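In order, the protein sequence lines correspond to chains V and H.
Numbering-wise, the first sequence is residues 3 to 290 according to the working numbering.
Numbering-wise, the second sequence is residues 225 to 516 according to the working numbering.
See structure below.
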Amino acid sequence: MQKQPSFAMEEYNFAFLDEGSKREIRRSVLKGIAIPGYQVPFASRELPIGRGWGTGGLQLTLSLLGKEDCLKVIDQGHDDSVNAVSIRKLVETSSSIETTEDTAEASVIQTRHRIPEEKLRDDQILVLQVPEPEPLRRVEARETETERLHGEKEYSSIWVRLYEDIVRYGEITIGADYPCIVHGRYIFNPSPIPRYDVPKLHQADGLYLFGAGREKKIYAVPPYTDVEPLQFEDYQFEEEEFNGESCRLCGSDNVFLDEIYDSHTGTKFYQCSDTGYCHKMQKQGGVT
Amino acid sequence: MTSIQIKGETLMKGNNLEDKPVLRVDQLTKRFGPGCSYCEHEELKENYCPVCGSVRACSNVSFDLDRGEILGIVGESGSGKSTLVKSLYFDQQVTSGSALIHDYKNGEENIFMESAQQQRYIRNYIMGMVYQNPHLGLKMDYSSSGNVAEKLISAGHFHVGNIRDRSAELLEKVEIPVSRMDEQPRRFSGGMQQRVQISKALANNPPLLLLDEVTTGLDLSVQAKVLDLIRSIQRELDVAMIVVSHDLGVIRMLADRTMVMKQGRVVEQGLTDQILEDPQHPYTQLLVHSLL
Numbered sequence: 003m004q005k006q007p008s009f010a011m012e013e014y015n016f017a018f019l020d021e022g023s024k025r026e027i028r029r030s031v032l033k034g035i036a037i038p039g040y041q042v043p044f045a046s047r048e049l050p051i052g053r054g055w056g057t058g059g060l061q062l063t064l065s066l067l068g069k070e071d072c073l074k075v076i077d078q079g080h081d082d083s084v085n086a087v088s089i090r091k092l093v094e095t096s097s098s099i100e101t102t103e104d105t106a107e108a109s110v111i112q113t114r115h116r117i118p119e120e121k122l123r124d125d126q127i128l129v130l131q132v133p134e135p136e137p138l139r140r141v142e143a144r145e146t147e148t149e150r151l152h153g154e155k156e157y158s159s160i161w162v163r164l165y166e167d168i169v170r171y172g173e174i175t176i177g178a179d180y181p182c183i184v185h186g187r188y189i190f191n192p193s194p195i196p197r198y199d200v201p202k203l204h205q206a207d208g209l210y211l212f213g214a215g216r217e218k219k220i221y222a223v224p225p226y227t228d229v230e231p232l233q234f235e236d237y238q239f240e241e242e243e244f245n246g247e248s249c250r251l252c253g254s255d256n257v258f259l260d261e262i263y264d265s266h267t268g269t270k271f272y273q274c275s276d277t278g279y280c281h282k283m284q285k286q287g288g289v290t
Numbered sequence: 225m226t227s228i229q230i231k232g233e234t235l236m237k238g239n240n241l242e243d244k245p246v247l248r249v250d251q252l253t254k255r256f257g258p259g260c261s262y263c264e265h266e267e268l269k270e271n272y273c274p275v276c277g278s279v280r281a282c283s284n285v286s287f288d289l290d291r292g293e294i295l296g297i298v299g300e301s302g303s304g305k306s307t308l309v310k311s312l313y314f315d316q317q318v319t320s321g322s323a324l325i326h327d328y329k330n331g332e333e334n335i336f337m338e339s340a341q342q343q344r345y346i347r348n349y350i351m352g353m354v355y356q357n358p359h360l361g362l363k364m365d366y367s368s369s370g371n372v373a374e375k376l377i378s379a380g381h382f383h384v385g386n387i388r389d390r391s392a393e394l395l396e397k398v399e400i401p402v403s404r405m406d407e408q409p410r411r412f413s414g415g416m417q418q419r420v421q422i423s424k425a426l427a428n429n430p431p432l433l434l435l436d437e438v439t440t441g442l443d444l445s446v447q448a449k450v451l452d453l454i455r456s457i458q459r460e461l462d463v464a465m466i467v468v469s470h471d472l473g474v475i476r477m478l479a480d481r482t483m484v485m486k487q488g489r490v491v492e493q494g495l496t497d498q499i500l501e502d503p504q505h506p507y508t509q510l511l512v513h514s515l516l
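Here it is as structure tokens:
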């Protein structure tokens with residue numbers, strides 16, 4: 003049998019990244035917080051996971067973590083899917099800090115495409131992985147041009163995109179990653195979270211950080227900041243609706259639900275998307 | 225009278241002072257190339273600098289445009305007609321010179337020195353532009369009403385119902401059937417595309433409209449239709465226009481006053497009838513004679 007290669011973790015710095023890199027990322031974060039929604043460029047580092055697999059979020063997490071911190075990692079609501087597990091393992095081996103599956107216990111939460119059901123407290127930071135930070139990329143391919151449009155606050159093109167949706171389909175068809183205005187200035191992509199999660203960003207208690215490793219951008223929604231989804235006066239922003247369905251495991255009906263089909267019988271059932279929350283509810287409700 | 229709040233200053237729109245020109249252009253110069261001490265100080269025989277190779281597309285162009293007036297600009301290709309209107313619409317940065325618009329800060333600020341954001345405001349509210357090539361002025365992937373809506377949205381309309389009513393009204397004015405308002409301009413004929421451009425340019429009731437070779441490339445009957453439309457819009461809305469054309473027929477039909485350009489310079493200007501019937505400058509004489 004082949005021997006597992008040994009990995010001398012003690013040769014690495016705490017939390018993998020060197021202090022210089024962490025410093026640069028923290029400075030970008032501070033700038034992002036100072037200008038809500040502004041995409042701060044940063045020198046995205048190489049990591050032992052591929053770009054596009056959460057490297058932006060991971061760099062934020064690694065540079066924010068201290069020895070006292072407790073980390074939770076979620077991938078589309080799940081604590082145990084591949085992306086979440088490998089990121090959690092990397093942090094565990096490189097920093098040996100505590101990790102958890104309970105939202106309330108964590109001080110830093112890295113997430114892909116969901117915001118946990120439990121409300122973020124003011125001492126918690128949510129780090130979101132972002133595949134495409136540029137909301138105007140939907141209408142403009144050139145980076146130089148989108149930078150200028152942001153600078154001049156010229157957003158009519160993305161509004162026309164929404165108008166075209168209404169003309170063609172009778173409604174706005176952007177599902178996840180719904181563009182929002184933050185504090186009346188910048189339009190930003192909240193990463194591909196469902197529309198259900200967008201209102202959680204508005205005047206929140208916690209800090210939301212967004213990292214795009216491949217696109218080399220960091221941006222932030224600080225606590226108590228206005229976040230307004232783009233909407234027309236007569237075509238309002240709408241969240242996903244579940245028509246009174248509830249989770250088959252914990253019975254919650256006020257959460258974002260995954261639609262799952264049984265591959266044998268073909269029947270459809272609903273289940274909490276946030277597994278950590280679901281486990282908690284099951285325990286509380288006495289369901290085993 | 226409506227007032228618009230922008231950056232803490234109140235701008236008056238539709239302030240009707242007949243005696244003041246809508247647009248006053250002074251010593252507008254546009255040079256392509258680096259420029260050198262020779263061409264910046266010496267009087268050039270041609271618009272091409274023999275030392276550094278820079279081209280002076282417009283040199284020291286000055287004119288006034290009154291409210292509701294149509295100014296025609298004629299000249300051969302390369303004479304700087306399009307450069308002039310494109311500079312006025314901020315598509316190109318001017319080298320030197322000033323332009324004052326009466327409806328913008330009462331004509332006290334040189335619009336070329338304003339910030340990019342203010343220039344966008346001027347483009348959206350105070351000027352409308354119709355390009356020779358509809359691809360420059362329209363987004364071909366969007367619907368026609370969406371193209372008009374872009375202007376309305378940048379003017380702060382966020383009610384889809386109202387936007388659609390207004391764009392239907394505008395498109396009807398240029399004789400695009402309401403049933404086709406959601407079609408993409410790429411599916412329209414050239415004349416229709418040109419008319420969509422006109423309705424887009426008129427969306428926010430600008431006091432000034434720039435038309436760059438609007439009828440070039442259209443067949444004669446469509447040309448006549450577009451010209452009729454421009455004429456009727458001018459009468460109805462009392463909007464001042466700058467019409468660029470190398471076609472003297474277009475100028476004769478539309479323009480009250482005409483400016484003749486050659487190698488970036490204005491060689492003659494005056495009432496259109498006067499220019500066409502009694503040309504003084506040899507170049508204008510040549511131009512008029514080549515037509516007849």
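All C-beta atoms in this analysis are idealised placements derived from N, C-alpha and C, irrespective of residue type, glycine included.
The model shown is predicted, which means the values in this text are computed figures rather than measured ones.
Residue i versus residue j: straight-line alpha-carbon distance, rounded
| i | j | result |
| --- | --- | --- |
| H/R410 | V/I176 | 25 Å |
| H/A448 | H/Q421 | 17 Å |
| H/P274 | H/V490 | 21 Å |
| V/S275 | V/D20 | 35 Å |
| H/N240 | H/A425 | Interpretation of H/N240 is limited by its pLDDT of 49, a score under 50 that renders its predicted location unreliable; no figure is taken from the coordinates. |
| H/A373 | V/H152 | 20 Å |
| V/F258 | V/D82 | 18 Å |
| V/T267 | V/V84 | 27 Å |
| V/S109 | V/D71 | 6 Å |
| V/G186 | V/D228 | 8 Å |
| V/F44 | V/W55 | 17 Å |
| V/V31 | V/R197 | 25 Å |
| H/D471 | V/R216 | 53 Å |
| H/I400 | V/H80 | 53 Å |
| V/E242 | H/A464 | 50 Å |
Run of the alpha helix (DSSP H) containing residue i, from where it starts to where it stops
| i | result |
| --- | --- |
| H/P358 | 358-361 |
| V/G213 | Segment 209-214 is the beta strand (DSSP E) holding V/G213; no alpha helix (DSSP H) there. |
| H/A173 | The structure shown does not extend to residue 173 of chain H, since chain H is modelled only from 225 to 516, so the question has no answer here. |
| H/M477 | 472-478 |
| V/G102 | This sequence places Thr at residue 102 of chain V; Gly is not what is there. Premise fails: V/T102 is in no alpha helix (DSSP H) and is neither H nor E. |
| V/T146 | 145-153 |
| H/Y355 | Note, H/Y355: premise wrong, no alpha helix (DSSP H); not H, not E. |
| V/R163 | 158-171 |
| V/R28 | 21-36 |
| H/T496 | 496-501 |
Collapsed DSSP secondary structure at residue i in the structure displayed
| i | result |
| --- | --- |
| H/G415 | helix |
| H/C263 | helix |
| H/Y349 | helix |
| V/V75 | strand |
| H/S445 | helix |
| V/L232 | coil |
| H/Q458 | helix |
| V/H80 | strand |
| V/S65 | helix |
| V/T227 | coil |
| H/N239 | With a pLDDT of 48 at H/N239, under the threshold of 50, the modelled position of that residue is not reliable, and no figure is offered here. |
| H/N386 | helix |
| H/K486 | strand |
| H/S301 | coil |
| H/R481 | strand |
| V/Y14 | coil |
| H/G292 | coil |
Opening and closing residue of the beta strand (DSSP E) in which residue i lies
| i | result |
| --- | --- |
| H/A464 | 464-468 |
| V/A108 | Taken as a continuous stretch (DSSP letters only), V/A108 belongs to no beta strand (DSSP E), as it is neither H nor E. |
| H/L426 | That residue, H/L426, is in no beta strand (DSSP E); it is neither H nor E in DSSP. |
| V/R53 | Taken as a continuous stretch (DSSP letters only), V/R53 belongs to no beta strand (DSSP E), as it is neither H nor E. |
| H/T439 | Neither: H/T439 is in no beta strand (DSSP E) and is coded neither H nor E. |
| H/F256 | 247-256 |
Exposure label - residue i; buried when at least 16 CB within 10 Å
| i | result |
| --- | --- |
| V/T146 | exposed |
| V/T95 | exposed |
| H/V402 | exposed |
| H/E233 | Unreliable positioning characterises H/E233 in this predicted model, as indicated by a pLDDT of 44, which lies under 50. A coordinate reading is not provided. |
| V/G213 | buried |
| H/H326 | buried |
| H/N428 | buried |
| V/Q112 | buried |
Query raised in the report: In chain order, which continuous runs of the beta strand (DSSP E) of length 3 or greater are located wholly inside the segment 241-285 of chain V?
Result: 259-263, 270-274
Report task. Note down, one range per segment and in chain order, each beta strand (DSSP E) of at least 3 residues found wholly within the segment 303-332 of chain H. Result -> 320-325
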